[in-house]
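When you line the sequence shown up against the numbering used here, it's residues 568 to 664, in that order. Here is the structure we will look at, set down as structure tokens.
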Amino acid sequence: MQLFDAQRDAAVVCTTPAAIKSMFLRHLELLQLNHILSTTMEGYKTQMKKATDSVSQTRIKKRMDDVNKDVTGNRVMAGFIGEVLGMLRNNSCALID
């Protein structure tokens, strides 16, 4: 939020290349986790179709709900980091000493 406030106010933001790299790598990590979790969710959907008793279906549904929460949280964070990286890419300049 502070970066968006700084953009709105046309403020100066000082950072290091390592901090930007860290943010970029975290963004990639979240995107990869979401891909893995989406694959996991597809596996649970397949298991749900094969489950015959209500206990198994309830257990699988609980797992699916947990994965869905993780995916949603990761998607929000990845979106936020993506916006910040886009802002840095499009609206920044570097002063190198």
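Don't be surprised by glycine CBs; every beta carbon is placed ideally from N, CA and C.
DSSP state of MET568, grouped into three classes? coil
CA-CA distance, ASP620 and GLY610? 18 Å
Keeping to the same chain, check which residues put their C-beta closer than 8 Å to that of VAL634; ignore five residues upstream and five downstream. LEU604, THR607, MET608, TYR611
Just the C-alpha distance for ALA645 and ALA586, rounded to the nearest angstrom, thanks. 16 Å
For LEU597, count the other beta carbons within 10 Å of its own beta carbon; 16 or more makes it buried, fewer makes it exposed. Which is it? buried
For a test of the three-state rule: what should DSSP assign to ALA573, helix, strand or coil? helix
Take GLN614 as the anchor and find which of LEU655, ASN658, ILE627 has the nearest alpha-carbon. ILE627
Between which two residues does the alpha helix (DSSP H) carrying THR607 extend? For THR607, the uninterrupted alpha helix (DSSP H) run begins and ends at 584–617, by DSSP.
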